[in-house]
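Visitor:
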Amino acid sequence: MSSTTQVSRSGRRWRGSMVLGAVSVAALLSACSGAASGPAGGAGDAAAAPAADAKLTLTVYSKFTDREYNVVTAGLNKLKAKFPNIEIKHEGQQDDDKITQSIRGGNPPDVAISFFTDNLGAWCSTGSFQDLKPYIERDKVDLTQIPDAVRSYTEYQGKRCAMPMLADVYGFYYNKDMFAAKGVTSPPKTTAELFEATKKLTEFNPDGSIKVAGFMPSMPFYANFAQYWAPNFGASYLGPDGQSHLADSPEWKAMFDFQKQLVDFYGGHAKVEQFKAGLGEEYSADHGFQRGKLAMMIDGEYRTAFIKDQTPDLKFGTAAPPVLDSKPDRYGGAFTTGTIIAIPKGAKNPGAAWELIKQVTLDTATLVDLSNGLKNVPSTKAALTDPKLEVNPEFKTFLDLYNGGKLLPNPSTPIGDAHLKAVNDFAEKWQAGNIPDMAAGLKQVDAQINDELAQKRAGG
Amino acid sequence: MTSTLDSRAAGSPSASSRTRKGNAARRRRTIFYFIAPAMLGFLIFFGYPLIATVYYSFTRYDLINPPEFIGFDNYIRMFTSEPLVGTAAYNTLWLVIVLTFCRVVFALGTASIISRLKSGVGLVRTLCYLPSLAPPAAATLAFVFLFNPEYGPVNAFLRSVGVDGGLWFNDPGMSKPALTLLVMWGSGELMIIILAALLDVPQEQYEAAQLDGAGPVRRFWHVTLPSISPVLLFGVVNSMIFALQFFTQAIVAGSAAAGAADVAGNTRFIGAPQNSTLTYPVWLYVQGFRYFNMGYAAAMAVLLFIVSAGFTWILVRQLRKSQHQEEGG
Amino acid sequence: MITLSETRRREPVTEPPRVRVRRQWDKKLYWIATHSLGIAMGVIFMLPIVFVFLTAVMSSEQALSSNFWPKEWHFENFIEVFEKAPLLQYFGNSMLYSTLATLGALISAIPAAYALSKLRFRGQNLFFMLTVAAMMLPPQVTVVPLYDLWVRLGFTGTLVPLIVPYFFFDAFSIFLLRQFFLTIPKDYLEAAKIDGCNEFQAMIKVLIPMAKPGIAATAMFCFLFTWNDYFGPLLYTGETRDSWPLSLAIASFRGMHHVEWNLTMAATALIMLPVIVLFVFAQKSFVKGVTFTGVKG
Numbered sequence: 007m008s009s010t011t012q013v014s015r016s017g018r019r020w021r022g023s024m025v026l027g028a029v030s031v032a033a034l035l036s037a038c039s040g041a042a043s044g045p046a047g048g049a050g051d052a053a054a055a056p057a058a059d060a061k062l063t064l065t066v067y068s069k070f071t072d073r074e075y076n077v078v079t080a081g082l083n084k085l086k087a088k089f090p091n092i093e094i095k096h097e098g099q100q101d102d103d104k105i106t107q108s109i110r111g112g113n114p115p116d117v118a119i120s121f122f123t124d125n126l127g128a129w130c131s132t133g134s135f136q137d138l139k140p141y142i143e144r145d146k147v148d149l150t151q152i153p154d155a156v157r158s159y160t161e162y163q164g165k166r167c168a169m170p171m172l173a174d175v176y177g178f179y180y181n182k183d184m185f186a187a188k189g190v191t192s193p194p195k196t197t198a199e200l201f202e203a204t205k206k207l208t209e210f211n212p213d214g215s216i217k218v219a220g221f222m223p224s225m226p227f228y229a230n231f232a233q234y235w236a237p238n239f240g241a242s243y244l245g246p247d248g249q250s251h252l253a254d255s256p257e258w259k260a261m262f263d264f265q266k267q268l269v270d271f272y273g274g275h276a277k278v279e280q281f282k283a284g285l286g287e288e289y290s291a292d293h294g295f296q297r298g299k300l301a302m303m304i305d306g307e308y309r310t311a312f313i314k315d316q317t318p319d320l321k322f323g324t325a326a327p328p329v330l331d332s333k334p335d336r337y338g339g340a341f342t343t344g345t346i347i348a349i350p351k352g353a354k355n356p357g358a359a360w361e362l363i364k365q366v367t368l369d370t371a372t373l374v375d376l377s378n379g380l381k382n383v384p385s386t387k388a389a390l391t392d393p394k395l396e397v398n399p400e401f402k403t404f405l406d407l408y409n410g411g412k413l414l415p416n417p418s419t420p421i422g423d424a425h426l427k428a429v430n431d432f433a434e435k436w437q438a439g440n441i442p443d444m445a446a447g448l449k450q451v452d453a454q455i456n457d458e459l460a461q462k463r464a465g466g
Numbered sequence: 431m432t433s434t435l436d437s438r439a440a441g442s443p444s445a446s447s448r449t450r451k452g453n454a455a456r457r458r459r460t461i462f463y464f465i466a467p468a469m470l471g472f473l474i475f476f477g478y479p480l481i482a483t484v485y486y487s488f489t490r491y492d493l494i495n496p497p498e499f500i501g502f503d504n505y506i507r508m509f510t511s512e513p514l515v516g517t518a519a520y521n522t523l524w525l526v527i528v529l530t531f532c533r534v535v536f537a538l539g540t541a542s543i544i545s546r547l548k549s550g551v552g553l554v555r556t557l558c559y560l561p562s563l564a565p566p567a568a569a570t571l572a573f574v575f576l577f578n579p580e581y582g583p584v585n586a587f588l589r590s591v592g593v594d595g596g597l598w599f600n601d602p603g604m605s606k607p608a609l610t611l612l613v614m615w616g617s618g619e620l621m622i623i624i625l626a627a628l629l630d631v632p633q634e635q636y637e638a639a640q641l642d643g644a645g646p647v648r649r650f651w652h653v654t655l656p657s658i659s660p661v662l663l664f665g666v667v668n669s670m671i672f673a674l675q676f677f678t679q680a681i682v683a684g685s686a687a688a689g690a691a692d693v694a695g696n697t698r699f700i701g702a703p704q705n706s707t708l709t710y711p712v713w714l715y716v717q718g719f720r721y722f723n724m725g726y727a728a729a730m731a732v733l734l735f736i737v738s739a740g741f742t743w744i745l746v747r748q749l750r751k752s753q754h755q756e757e758g759g
Numbered sequence: 094m095i096t097l098s099e100t101r102r103r104e105p106v107t108e109p110p111r112v113r114v115r116r117q118w119d120k121k122l123y124w125i126a127t128h129s130l131g132i133a134m135g136v137i138f139m140l141p142i143v144f145v146f147l148t149a150v151m152s153s154e155q156a157l158s159s160n161f162w163p164k165e166w167h168f169e170n171f172i173e174v175f176e177k178a179p180l181l182q183y184f185g186n187s188m189l190y191s192t193l194a195t196l197g198a199l200i201s202a203i204p205a206a207y208a209l210s211k212l213r214f215r216g217q218n219l220f221f222m223l224t225v226a227a228m229m230l231p232p233q234v235t236v237v238p239l240y241d242l243w244v245r246l247g248f249t250g251t252l253v254p255l256i257v258p259y260f261f262f263d264a265f266s267i268f269l270l271r272q273f274f275l276t277i278p279k280d281y282l283e284a285a286k287i288d289g290c291n292e293f294q295a296m297i298k299v300l301i302p303m304a305k306p307g308i309a310a311t312a313m314f315c316f317l318f319t320w321n322d323y324f325g326p327l328l329y330t331g332e333t334r335d336s337w338p339l340s341l342a343i344a345s346f347r348g349m350h351h352v353e354w355n356l357t358m359a360a361t362a363l364i365m366l367p368v369i370v371l372f373v374f375a376q377k378s379f380v381k382g383v384t385f386t387g388v389k390g
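Protein chains in written order, with this note's numbering: chain L, 7 to 466; chain U, 431 to 759; chain X, 94 to 390.
This is the structure in structure tokens:
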């Protein structure tokens, strides 16, 4: 008797696992159609906000690390005031590529944070990020509290699929002690002045190698990227026809000529490369500027926080970046980008994710805290003027740039950052002297960008 | 040639034809059980993807929207408008030629030296073999550090003897040679294979050649080389396949030398400096899994398959030959 | 297995004494030349590893100078790397991947290799050739549909897509085991069968015990290959750090934790260590296995 029950029981278990198998096959099939049926869950209705006592875990991907990671984690956890039972699982150092991969791979976080807006166009156009319009309409969010430039770089062709969480502005940094020692009285305002200052500030070793560099021309290196320089030269990527026209642009030519002029001053590409290879890691205390091996550089406002944290004794100043001599009206302008936050397609808790996004992009107290911690520019007007925002002279430069009305963001394109890779690849070859004819080289860059654009456009 | 069961059947003439048939059926079943999982695995993980790759290569597919048939567009794009695939193919071709040559010659050189040692063979062999076991990602990081132009020990040594060391992984002209050095450092496996072959060369042949008045060079050309040529061919084909799929070292070296914040591959730093480490598999990976042009990546994969199939065919033919010899002898 | 003493050149005996003296001199010079070359080679091969370990115990300032010998020995660097990154977790992932994959490869490859080496069936040659072809195939060729498949099954972000195939088909293990099995005389198996064993029992009871060194070598290669694998983990677990194995973690270690070279080299040394230990204990199997892939192949 007992043996029969045993058999039947094990039989039942067996059948049970069969059913389980069938279910998983069904799940598999539905997963197939899910993966292939367009931006499922992208557009449409807003997911309901969670109940106040909802118990769930929100996964957040961002690229922050170390000190910055802790600041952001604290900011994210402010959601707990409203939803005490929501756990935040914040994973740092997830760059744009990883976010894309996780969404395509069907394994996305609930909330994605990106440092840059480079890939926004790609994420919006493919439906990788969910459209936030239904949420904004449901909760009657007033978007005019966000400055125009910031609003423009967080949407793509009128589609709002991300919110701005703090902004970055790229300004000019200089070492005050080195300026005093070499008799440079004020930060350069034009590229000609920048070149003169570089000549004064640079020191060479007896063997001709660089000991201290005035200003580094290498790209891509630290915050030296073509896109960060471009606004100071008035150079832009896409023409009115939506095609790349770098080869026809005198501004791009001026920018690369200036880069080459600097390389030649140092005695050639090899010298610059050798010096560059000896500089420390970008976000460590061994950063060349913080170690006194670089006198001047272009960098984001967040560097003020790194300096304060890692090398507090460094005497430095900030200013608007120097502009091309023929474009004096560009002075006071700067490159801007910002941290964006969004709900990826396939997020498990979109309703709760939206609550978190509201918390960190619209709540003044949270934004001010984040801004004070990261030394980023807050992205709402209320937070910008909040008395609790800590402003020192070095940081104020960036707030002024931000309010100056001359900010230039990257264009949002559907090809992600492929156009930026193309331009920076060119800059890298050009500085090395591997491109004999600049116009021909830039034509190739145009061809490459337009090819990628055509590839995506044909896809709809 | 006769199999176990056949000979047993032949050895028992009393067995009726029915049991023989039963035996055959059972035998077939046994064989089926032995190879079925492997066959299934082969079909799922090689057969299906090979065919599906060809299908995808005719589509535009981004993993979000369903594949859309576009005919030969991907292939046309590959051969006309997309500029970096040419760079990538060139880099890989460079590696297939130079890296293969250096790896085989270097392994042959080290093996010949070891084969001439009288004492300490085991130790030297161990020391030369050990680096080939190091995880490629770690070994590459180590090399990027060792060859750092400013503070790396290699350039420091070269400076001390009055030579200007160069930029290695930071110079597009030297990054591939530096990668080749890295591969040569890890060529111990091939060295062991060649060493075994060298020691298999019958000693009498050397003595005969010596009596004929042949010097060391001629002995090498006329005795050593012919008898180890099958192994050398294996080494060449093996190295070519290795070079064709060169990925890890290239992607890690490129990103690490560029000072990328995230070495596991920010697209912007992949291939640095100046796309000189952008190998064909790396670009395939970027197109397929960074830009998610999976149809295009599939087209690149088809081309890679055709080329590697050619190399494999050489090796398989060689294997066949040696197998026939085995069976014949 | 490679003993050189038995294959030494013998001296022709009919030589005038003066020539013999010169020959002895030549031989001595030759001995010195080859051995110094051999020593130099060993040293050159070891130098990079030595530098990795030396840099690993330097201060971060010194790692940025071209000074090879540590001024102070910072052995605590090896502890500090564990605070910088969850290396133990990555180590666990690596162990999981390598152990399961090796186990799977043995379970699936031993019967297949047995069939290929000890049985006769139609299509045997074809199957063997396909195995060799699969072994040679660059992994990038099949990666697009496979990734798509694993996305649909919902296993991206885990090590499952990397482990499961080993339980069905691992070309290299099948190939290597077949080469080993070929060297085991059939007579033993036939004797077992005459005693009433079927093929399966013969494999378990006779072949596997006799082929232990070969199986050990195969297991080690499989373990090593998966331990060192970078492409697979990058593809399937690139964005889910919880699943990262060491090989992937080491590549991101420097940028990710803003660390300088000394700690990076400490981590590098730590990931090389298990491999070196494995090798020291199983050197013979390694060498034997490598030889088999080439000479008999």
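Even glycine gets a Cβ: it sits at the ideal position worked out from N, Cα and C.
1) Does any residue of chain U bring its CB to less than 8 Å from the CB of Lys292(X)?
2) Kindly indicate if chain U contains any beta-carbon less than 8 Å away from that of Arg309(L).
3) Please report how far the alpha carbon of Ser545(U) lies from the alpha carbon of Leu625(U), in whole angstroms.
4) Between the alpha carbons of Asn113(L) and Pro326(X), how many angstroms are there, rounded?
5) Do you know how far the Cα of Ser210(X) is from the Cα of Phe385(X)?
6) Can a CB atom of chain U be found closer than 8 Å to the CB of Tyr80(X)?
7) Among Phe70(L), Ala58(L), Ala57(L), Leu82(L), whose alpha-carbon lies nearest the alpha-carbon of Leu373(L)?
8) Which of helix, strand or coil does DSSP assign to Asp241(X)?
9) Counting only the same chain and skipping the five closest in sequence on each side, list residues whose C-beta sits under 8 Å from that of Ser669(U).
10) From the beta carbon of Ser669(U), is the nearest beta carbon of chain X less than 8 Å away?
11) Which whole-angstrom value describes the C-beta separation of Asn382(L) and Ala155(L), a residue pair presumed to lie in contact below a C-beta threshold of 8 Å?
12) Contact between the segment 386–400 of chain L and the segment 101–108 of chain L: three or more CB pairs below 8 Å?
13) Could you round the C-beta distance between Gly338(L) and Lys387(L) to whole angstroms and report it? I think they count as a contact, below 8 Å.
14) Check whether the Cβ atoms of Thr127(X) and Ile543(U) lie closer than 8 Å to each other.
15) I'd like the span of the beta strand (DSSP E) that includes Thr345(L), first residue to last.
16) When you check each C-beta in the segment 485–497 of chain U against every C-beta of chain X, which residues fall closer than 7 Å?
17) I want to verify the contact list: residues of chain L whose CB lies under 7 Å from the CB of Phe719(U), in sequence order.
18) On the criterion of 16 or more Cβ atoms from any shown chain inside 10 Å, does Ser377(L) qualify as buried, or is it exposed?
19) What would DSSP say about Pro170(L), mapped onto helix, strand or coil?
20) Pro56(L) to Gly127(L), Cα distance in whole Å?
21) In three-state terms, what does DSSP make of His96(L)?
22) Apart from the five residues on each side of it in sequence, which residues of its chain come closer than 6 Å, Cβ to Cβ, to Gly197(X)?
23) Would you report the Cα separation of Gly718(U) and Glu498(U), rounded to the nearest angstrom?
24) Per DSSP, which residues does Phe322(L) bridge with? Please list them.
25) Going by C-alpha distance, which of Phe268(X), Trp337(X), Ala202(X) is nearest Leu470(U)?
26) In or out: Tyr463(U) buried (at least 16 other Cβ within 10 Å) or exposed?
27) Give me the subset of the segment 534–557 of chain U whose CB atoms are less than 8 Å from a CB atom of chain X, sorted by chain position.
28) By DSSP, does Leu64(L) sit in helix, in strand, or in coil?
29) Kindly indicate which residue of Met229(X), Val236(X), Pro278(X) has the alpha-carbon position closest to the one of Ala739(U).
30) Is there contact between the segment 490–504 of chain U and the segment 555–575 of chain U, where contact requires at least three CB pairs shorter than 8 Å?
Guide: Taking the geometry as given:
1) Note that residue 292(X) is Glu in the sequence shown here, rather than Lys. Closer than 8 Å to the CB of Glu292(X) there is at least one CB belonging to chain U.
2) Chain U, which has no Cβ nearer than 8 Å to the Cβ of Arg309(L), makes this no.
3) Counting only the Cα atoms, Leu625(U) lies some 7 Å from Ser545(U).
4) Distance between the alpha carbons of Asn113(L) and Pro326(X): 15 Å.
5) Whole-angstrom Cα-Cα distance: 15 Å.
6) Nothing in the structure corresponds to residue 80(X), since chain X is present only between 94 and 390.
7) Of Phe70(L), Ala58(L), Ala57(L), Leu82(L), the residue nearest in Cα terms is Leu82(L).
8) The three-state secondary structure of Asp241(X), taken from DSSP, is helix.
9) Excluding the 5 residues flanking it on each side, Ser669(U) has same chain C-beta neighbours closer than 8 Å at Leu529, Thr530, Arg533, Val534, Leu620, in chain order.
10) Not an interface residue.
11) Cβ-Cβ separation between Asn382(L) and Ala155(L): approximately 15 Å, too far for a contact (criterion under 8 Å).
12) The segment 386–400 of chain L vs the segment 101–108 of chain L: no contact.
13) Not really, about 20 Å apart at Cβ, beyond 8 Å.
14) Yes.
15) First-last of the beta strand (DSSP E) with Thr345(L): 340–348.
16) Those would be Tyr486, Leu493, in chain order.
17) Under the 7 Å cutoff, chain L gives Gln107.
18) When all chains shown are included, Ser377(L) counts as buried.
19) Pro170(L): strand per DSSP, three-state reduction.
20) Rounded to the nearest angstrom, the two C-alpha atoms are 29 Å apart.
21) Three-state DSSP puts His96(L) in a strand.
22) Within the same chain, Gly197(X) has close Cβ partners Tyr259, Phe260.
23) It is roughly 16 Å from the alpha-carbon of Gly718(U) to the alpha-carbon of Glu498(U).
24) Answer by DSSP bridge pairing, in chain order: Asn181(L).
25) The residue among Phe268(X), Trp337(X), Ala202(X) with its C-alpha nearest the C-alpha of Leu470(U) is Ala202(X).
26) So Tyr463(U) counts as exposed.
27) Going along the segment 534–557 of chain U in chain order, one finds Thr540, Ile543, Ile544, Ser545, Arg546, Leu547, Lys548, Ser549, Gly550, Val551, Leu553, Val554, Arg555, Thr556, Leu557 with a Cβ nearer than 8 Å to chain X.
28) Strand, per DSSP.
29) If we check each option's Cα against that of Ala739(U), Met229(X) comes out closest.
30) The segment 490–504 of chain U vs the segment 555–575 of chain U: no contact.
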